[in-house]
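In the working numbering, the protein residues as written are 697 to 1055.
Here is the structure:
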């Protein structure tokens, strides 16, 4: 007997949205780790919000939604809100019930501005690192550092002369020399600068992203984005190693940091020595002073550091590939720094969900 094609809409449902999510769905492991990280940030959330006034979106839900935005590489918040209309897995992950509507995209972005003001991305990354430390996944002695170029959300055609450039002799070059970044700026994104990683590559409006990786599990322990400059990688590496020392509470006398030959400069070597960190740096092929020395280069620790230093490219490959950071969607250094640091924490969260089985 043929059944007629007639549909009658149900008025009531008697099941939980969680029952619709398969037990082996990858979002389950990520949600478990994300909730543990968010519990570590509870005090920070309490200080960020007032006890009176109109209730806003829960910060935990905002960060879970931002997490989905990075994980699935959606080009805009509007697209994510559309997906949450009918994707039960996304609704469950964020914390929305069946009858709750996703937020208006303007409400979502304006609530996120609060996180930008409070630099919550750094707190997010620190909480993920502490979660990995509780699982005994960190190497607290040996680290690697590197930087990568991030394309700015602006075209080279917007790089125009400034209306009020500095006077001669007051530039940022040697002895006050006026450089192009002193006399020109992008009308679309004034913080972006022309930069190129190699001599054969064209100069593009860019920022630089930097990370410090520990050498046991390949997890990022510090990250930040800066304006593109020749000394930015070394300056950022020094700043991040100081924050790692403060976060972990100790850096032993045998601690080391591996880096390529771009860091083989006197200012960086002296900064690491002041932090009691032994620099393991690549050597120049030309006749330049070796600031590391053969005594260190002939050790097993140096060779191991040089071998594991290449792991840091996996971090950049994910952040710039699936994480969508090859060309930023944001304008201004603060927003670019926020998105890059948050993506670094998301990368760690993915690694945690794979390194530690779901309980």
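Cβ coordinates follow ideal geometry from the N, Cα and C atoms, glycine included.
As assigned by DSSP and simplified to three states, the class of residue i
i            : result
residue 722  : helix
residue 951  : coil
residue 909  : strand
residue 922  : strand
residue 881  : strand
residue 1023 : strand
residue 900  : strand
residue 702  : coil
residue 889  : strand
residue 801  : helix
residue 818  : helix
residue 855  : strand
residue 825  : helix
residue 916  : strand
residue 1050 : helix
residue 715  : helix
7 angstroms CB neighbourhood of residue i in its chain, flanking five on each side removed
i           : result
residue 713 : 784, 787, 788, 793 and 794
residue 805 : 773
residue 986 : 979
residue 967 : 934
Endpoints, beta strand (DSSP E) assigned at residue i
i           : result
residue 845 : 838–847
residue 975 : 974–977
CB-CB length for residue i against residue j, believed under 8 angstroms
i            : j           : result
residue 891  : residue 882 : Not confirmed; about 12 angstroms, so no contact.
residue 953  : residue 763 : Not quite, the Cβ-Cβ distance comes to about 29 angstroms (not below 8 angstroms), so this is no contact.
residue 1051 : residue 729 : The pair is not a contact, with the Cβ atoms about 10 angstroms apart (cut-off 8 angstroms).
residue 1005 : residue 924 : Incorrect: roughly 22 angstroms between the Cβ atoms, too far for contact.
residue 734  : residue 758 : The Cβ separation is near 10 angstroms, so there is no contact.
Contacts around residue i, its chain only, beta-carbon distance under 6 angstroms, and the 5 residues preceding and following it disregarded
i           : result
residue 936 : 908 and 918
CB contact check: residue i to chain C, cutoff 8 angstroms
i           : result
residue 892 : Chain labels in this structure do not include chain C; a single protein chain is all it has.
Run of the alpha helix (DSSP H) containing residue i, from where it starts to where it stops
i            : result
residue 862  : Where residue 862 is concerned, there is no enclosing alpha helix (DSSP H), given that its DSSP letter is neither H nor E.
residue 938  : 928–944
residue 1012 : 1008–1016
residue 755  : 755–767
residue 790  : 784–790
Same chain, Cβ closer than 8 angstroms to residue i, neighbours up to 5 away in sequence not counted
i            : result
residue 1007 : 840, 909, 911 and 914
residue 1021 : 846, 905, 1015, 1035, 1036 and 1039
residue 857  : 879 and 880
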